[in-house]
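Novice: Can you read through this structure? Questions will come right after.
Protein chains in written order, with the working numbering: chain F, 7 to 308; chain P, 7 to 308.
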């Protein structure tokens, strides 16, 4: 069985939507990605850090999902990363209310020996220096995929460029792709990113789906059409996690498998959006994932 | 041969982009749609109105495209509809600089007898009362497709609702779909439109493509990936015109043909964007259309 190693944040989130407010719910890029990857039956390992305030029920949930937590560091007397965000009426605008890095500030993860040979490595949103250190500790991974965000493009561009040089696939938002390259045309932005090192760039466009671009291929994946948007937090990480989980399950990174993986990522992200935190994922069955996958197949057939 | 009847505006446009400004170039919803439909080899008839200031070279161009101009009224001593618009850096924002309706104000077209039995009827952007009058004069068309815009939703909602009741397919922008229905979720907006009468709604999302929704089907078409955006004016009308032209060429309105027609519309629109006015369409060959169609097929295959 091919494993997936997810490196990312594990956080306590406070999220406000026009309908509801939730406090200190389980969140973080690592959480969303690992949970998404765990749907595909392969070992999922999570590298992250929490404080002693991290609720036992959240740890229990991750373990129930069969996520290996040997790499989840618990800092004594530390406080877990906390993030607060607020969505406007149509969910297209999100304001960050607060970001308390807490235990993440001094986190320098050492890969457990058992993790070093994990073939599928996903570096979810994290400081680029941390991402690079993981790449350097990993032992010949089959695929290295990296996400990032506007904050690191602004604050740590040099370190980020060094990390990007070393990854096979960079996943990021459309606005981040434009910010990283200074290109206002998305296709030009994607091509500029390919020149920085990755063989492939996957650009997430939220409700408009995602595109994948290499030197010689272009693929466009629509989003799953949803009427019940409750909380989009973590959708991008769920997309990436589902993408990695599917790839690990087939053990193949061909163009065909990459495209299917994007569609599975799209489906897992669609469930994520239907409730706060990872609540919807608690009840999702694999046949529901397959059903939405088939719906998307039909929605793209002509 | 199945004909297409296009009813829409024929205008003289002044367009400003960050790169260039053009004045009194051939434009209008009817022009773009008719030119797009004319690529598919079927008779295309155009209902519209111009003034005596309408340049002969523009009339000549439409005739070279084999567009039947019996329905193009020329008002003696009248001035052609003029529109001016300005695009911002990334082409996503357009400001209307001026709109001079001129001869359109008192235009009450009477369908020439030869036009009445045209099976494919496309009502491009026009006052909804005018659109309804055409529907009432047409003799049992096989397919009635209607476009509209925010101006009519604001100013002539009642008349527009009456027109919408009578059409098979409504084509409009995402923001217009939301405005027309008061729904912020696009899928809910589409469903609300279906309850107003049309069997199908096609929502144009600009650079994010278009979706088609019926009671029982969902189709998502990406935009053609372009790096050379010169002037997006008329892209939506070109999409609709290509859509109608393809349908007329196959003489079929099945779900399968509708989907292919959306892809052909997407391709014709992509050429339109590569130059001002209909300049790019002057040189496009059908094998170029087929080549982009195949590229899109590949970009959606998984």
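Ideal Cβ positions, reconstructed from N, Cα and C, are used throughout, including at glycine.
List, in chain order, every chain F residue whose beta-carbon is nearer than 9 Å to that of residue 211/P.
Specialist: Here residue 211/P is taken as the residue at index 205 of the second chain, counted from 1. Going along chain F in sequence order, the residues near residue 211/P (Cβ under 9 Å) are 214.
Novice: Taking only three categories from DSSP, how would you classify residue 92/P?
Specialist: Taking the first residue of the second chain as position 1, residue 92/P is located at position 86. Three-state result, residue 92/P: strand.
Novice: Between which residues of its own chain and residue 97/P is the CB-CB distance below 6 Å, once the five residues before and five after are set aside?
Specialist: For this step, residue 97/P is matched to residue 91 along the second chain. Here the set comprises 235, 238.
Novice: What is the DSSP secondary structure of residue 267/P, reduced to helix, strand or coil?
Specialist: On the second chain, position 261 is the one that residue 267/P refers to. Of the three classes helix, strand and coil, the one that applies to residue 267/P here is helix, per DSSP.
Novice: Per DSSP, what are the beta-bridge partners of residue 54/P in this structure?
Specialist: Translated into positions along the second chain, residue 54/P becomes position 48. Answer is 78/P.
Novice: Quick one: residues in its chain with C-beta nearer than 6 Å to the C-beta of residue 64/P, no 5 flanking neighbours on either side, listed in chain order?
Specialist: Stepping through the second chain from its first residue, residue 64/P is reached at position 58. Here the set comprises 32.
Novice: Run through DSSP, which three-state label would residue 176/P get?
Specialist: Taking the first residue of the second chain as position 1, residue 176/P is located at position 170. Correct three-state label for residue 176/P: strand.
Novice: Is any beta-carbon of chain P found at less than 9 Å from that of residue 277/F?
Specialist: On the first chain, residue 277/F is found 271 positions in, with the first residue counted as 1. Residue 277/F does not count as touching chain P.
Novice: Counting only beta-carbon atoms, is residue 133/F nearer than 9 Å to chain P?
Specialist: Sequence index remark: in the first chain, residue 133/F carries index 127 (1-based). With 9 Å as the cut-off, residue 133/F does not count as an interface residue toward chain P.
Novice: I'd like to know whether the C-beta atoms of residue 305/P and residue 225/F end up nearer to each other than 9 Å.
Specialist: Numbered from its first residue, the second chain carries residue 305/P at position 299. Numbered from its first residue, the first chain carries residue 225/F at position 219. Yes, they are a contact pair.
Novice: Give, in chain order, every unbroken run of the alpha helix (DSSP H) that is at least 4 residues long and sits entirely within the region 190-255 of chain P.
Specialist: DSSP runs (the alpha helix (DSSP H)) wholly in the region 190-255 of chain P: 192-200.
Novice: On the three-pair Cβ rule with 8 Å, is the region 79-91 of chain P touching the region 274-283 of chain F?
Specialist: Short answer: they don't touch.
Novice: Within a Cβ cutoff of 6 Å, which residues of the same chain sit near residue 50/P, ignoring the five residues on either side of it in sequence?
Specialist: For the purposes of this step, residue 50/P is identified with residue 44 of the second chain, where counting begins at 1. The residues are 10, 40, 43, 44, 73.
Novice: For residue 33/P, which of helix, strand or coil comes out of DSSP?
Specialist: The sequence position of residue 33/P within the second chain is 27, counting from 1. Correct three-state label for residue 33/P: strand.
Novice: Excluding the 5 residues flanking residue 282/P on each side, which residues of the same chain have their C-beta closer than 7 Å to its C-beta?
Specialist: The sequence position of residue 282/P within the second chain is 276, counting from 1. 21, 28, 31, 236, 237.
Novice: Distance cutoff 9 Å, beta carbons only. Does residue 300/F sit that close to anything in chain P?
Specialist: Within the first chain, residue 300/F is the residue found at index 294, counting from 1. Taking Cβ atoms only, chain P never reaches closer than 9 Å to residue 300/F, which makes this a no.
Novice: Report buried or exposed for residue 292/F, applying the criterion of at least 16 other Cβ atoms within 10 angstroms of its Cβ.
Specialist: Walking along the first chain from the start, residue 292/F turns up at place 286. By the 10 Å Cβ count, residue 292/F comes out exposed.
Novice: Is the beta carbon of residue 153/F closer than 9 Å to that of residue 113/F?
Specialist: Residue mapping note: residue 113/F aligns to position 107 of the first chain, counting from 1. Residue mapping note: residue 153/F aligns to position 147 of the first chain, counting from 1. No. Outside cutoff.
Novice: Alpha carbon to alpha carbon, what distance is there between residue 157/F and residue 205/F?
Specialist: If you number the first chain from 1, residue 205/F lands on position 199. If you number the first chain from 1, residue 157/F lands on position 151. Near 24 Å, if we compare the C-alpha coordinates of residue 157/F and residue 205/F.
Novice: List, in chain order, every chain F residue whose beta-carbon is nearer than 7 Å to that of residue 226/P.
Specialist: Within the second chain, residue 226/P is the residue found at index 220, counting from 1. Going along chain F in sequence order, the residues near residue 226/P (Cβ under 7 Å) are 228, 305, 306.
Novice: Beta carbon of residue 227/F, beta carbon of residue 308/P: below 9 Å?
Specialist: As a first step, residue 227/F must be located in the first chain, where it is residue number 221. As a first step, residue 308/P must be located in the second chain, where it is residue number 302. Contact: yes.
Novice: May I have the straight-line CA-CA distance separating residue 222/P from residue 139/P, to the nearest angstrom?
Specialist: Reading the second chain from its first residue, position 216 is the one you call residue 222/P. Reading the second chain from its first residue, position 133 is the one you call residue 139/P. Rounded to the nearest angstrom, the two C-alpha atoms are 30 Å apart.
Novice: When the Cα atoms are used, what is the spatial distance from residue 299/F to residue 246/P?
Specialist: The residue given as residue 299/F occupies position 293 in the first chain. The residue given as residue 246/P occupies position 240 in the second chain. Near 29 Å, if we compare the C-alpha coordinates of residue 246/P and residue 299/F.
Novice: Measure the CB-CB distance between residue 169/F and residue 141/F and report whether it falls below 9 Å.
Specialist: Here residue 169/F refers to the residue found at position 163 of the first chain. Here residue 141/F refers to the residue found at position 135 of the first chain. Closer than 9 Å, so yes.
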